[in-house]
Amino acid sequence: MKIKKLALVRHGESIWNRENRFTGWTDVDLTAEGVEESYRAGDMLREEGLTFDMAFTSYLKRAIKSLDCILDRMNLDWIPVEKSWRLNEKHYGALQGLNKGETADRYGGELVQLWRRSYNTPPEPLTEDDPRNPRFDIRYRDVPPDDLPLSESLKDTINRLMPYWNDTIFPSLSERDNILIVAHGNSLRGIVKHLKNISDDDIAGLNLPTAIPYIFEFDSDLKVVNDYFLGNPEEIEKMMKETASVR
Ligand SMILES: O=C(O)[C@@H](CO)OP(=O)(O)O
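Structure (structure tokens):
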């Protein structure tokens, strides 16, 4: 039986991860550490003996650059890469740019946690005329304006992600051996929720660390048969706790 593999990797540390700010659709770059850890993710995947014949990423440079670092270390710079806005991070609305710790001091940790991890509650939306409205960003010119968010809950993120998963990513697994997705904490949580059938409540407890490959194995009927992170489990546990907190 041929096992196919899907690797999910959250981008390396971004400048706003370092500054502890809500990021969402803001197009911030990687830090030097983010570049390094993305290269390390590529090394880990190569040392695992993995190879990919297609990759997917978002329209945001922290994911695109992390993917480039990974492919570079795997000598896979040549494989087809498809970008989609549907793999973008959850849109964090009016919270984008705010420091997470200061926001928790102002509104209370519980409310901030609701905005960050509840399934249904989106943060306050951007106003229509906010210059950060994605309608004003040329990269989204081919997206029907009504599909572009001003804020999202995880549910909203999953709803805009699933058409791309169902129509493009998942069918590509039938034709390809192994595929790679480099995206974002919350868009990847949406994919993991779907693949592992995690409940709306329990998904709050999943916090993906930056640049740690998460492997899913599929049997010939494309049913998930195994999933595991690459790397040191204690180290990963520690990174997950750090991701969960707002400091
Ligand atoms: O700010 C964001 O866009 C995300 C990912 O960094 O943060 P959180 O972990 O709070 O969902």
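To get the numbering used here, take the position in the sequence shown, counting from 1, and add 1.
Cβ coordinates follow ideal geometry from the N, Cα and C atoms, glycine included.
None of the values given here were measured: they were computed from a predicted structure.
query: Start and end of the beta strand (DSSP E) containing M55?
result: Per DSSP, M55 belongs to the beta strand (DSSP E) from M55 to T58.
query: Cα-Cα, which of A212, D44 and N89 is closest to Y165?
result: When only C-alpha atoms are compared, the closest one is N89.
query: Which residue comes first and which comes last in the alpha helix (DSSP H) that contains F137?
result: DSSP places F137 in no alpha helix (DSSP H); its state is neither H nor E.
query: Secondary structure at F171, three-state DSSP: helix, strand or coil?
result: Taken through DSSP and simplified to helix, strand or coil, F171 comes out as helix.
- request: Could I get the ranges of all uninterrupted beta strand (DSSP E) runs contained in the stretch 168-246, with 3 residues as the minimum, in chain order?
  value: Secondary structure in the stretch 168-246: the beta strand (DSSP E) runs of 3 residues or longer, each lying completely within the stretch, are 179-184, 215-219 and 225-230 in chain order.
- request: Please look up how many angstroms separate the CB atoms of F57 and I216, rounded, as I've assumed it's under 8 Å.
  value: 15 Å between Cβ atoms; not a contact.
message: Measuring only from the beta carbon, is N121 closer than 7 Å to any heavy atom that is part of ligand 1?
response: Every heavy atom of ligand 1 is 7 Å or more from the Cβ of N121, so no.
- request: In angstroms with no decimal places, state the Cα-to-Cα distance between G13 and E37.
  value: If you draw a straight line from the Cα of G13 to the Cα of E37, it is about 8 Å long.
message: Could you tell me the alpha carbon to alpha carbon distance between K6 and L155, rounded to whole angstroms?
response: Computed Cα separation, rounded: 25 Å.
query: Taking all protein chains shown into account, do 16 or more other C-beta atoms lie within 10 angstroms of the C-beta of P263, making it buried, or fewer, making it exposed?
result: Limits of the chain in this structure are 2 at one end and 248 at the other, which puts residue 263 out of reach.
- request: Out of K224, P172 and S246, state which residue places its alpha-carbon closest to the alpha-carbon of L196.
  value: Comparing Cα-Cα distances from L196 to each of K224, P172 and S246, the minimum goes to K224.
message: Along the chain, where does the beta strand (DSSP E) containing A42 start, and where does it finish?
response: Unbroken run through A42 is the alpha helix (DSSP H), A33 to E48; no beta strand (DSSP E).
task: Using three-state DSSP, classify S15 as helix, strand or coil.
output: Strand.
query: Since L174 contacts R190 with CB under 8 Å, what's their CB separation in whole angstroms?
result: Between L174 and R190 a beta carbon distance of about 20 Å is seen, past the 8 Å cut, so the two are scored as non-contacting.
query: Any idea what DSSP makes of V10, helix, strand or coil?
result: Secondary structure of V10 (DSSP, three-state): strand.
field: L115 beta carbon less than 8 Å from that of T104
entry: The answer is no: Cβ separation not under 8 Å.
- prompt: For R142, is the classification buried or exposed, using 16 other Cβ atoms within 10 angstroms of its Cβ as the cut-off for buried?
  reply: By the 10 Å Cβ count, R142 comes out exposed.
field: Distance, I71 Cα to T52 Cα
entry: For T52 and I71, the gap between their C-alpha atoms comes out near 11 Å.
field: Reduced DSSP secondary structure (H/G/I, E/B, other) of E1
entry: Given that the chain is displayed from residue 2 to residue 248, the structure contains no residue 1 and the question cannot be resolved.
- request: In the DSSP assignment, find the beta strand (DSSP E) that holds E83 and state where it starts and stops.
  value: Under the DSSP assignment, E83 falls in the beta strand (DSSP E) whose first and last residues are V82 to K84.
- request: Would you list the one or two residues that DSSP bridges to R274?
  value: Shown here, the chain extends from 2 to 248; a query on residue 274 therefore has no answer.
task: Taking D25 as the reference, give the member of F230, A95, D44 and K66 with the closest Cα.
output: Inspection of the sequence shows that residue 25 is occupied by Gly rather than by Asp. The option with the nearest alpha carbon to G25 is A95.
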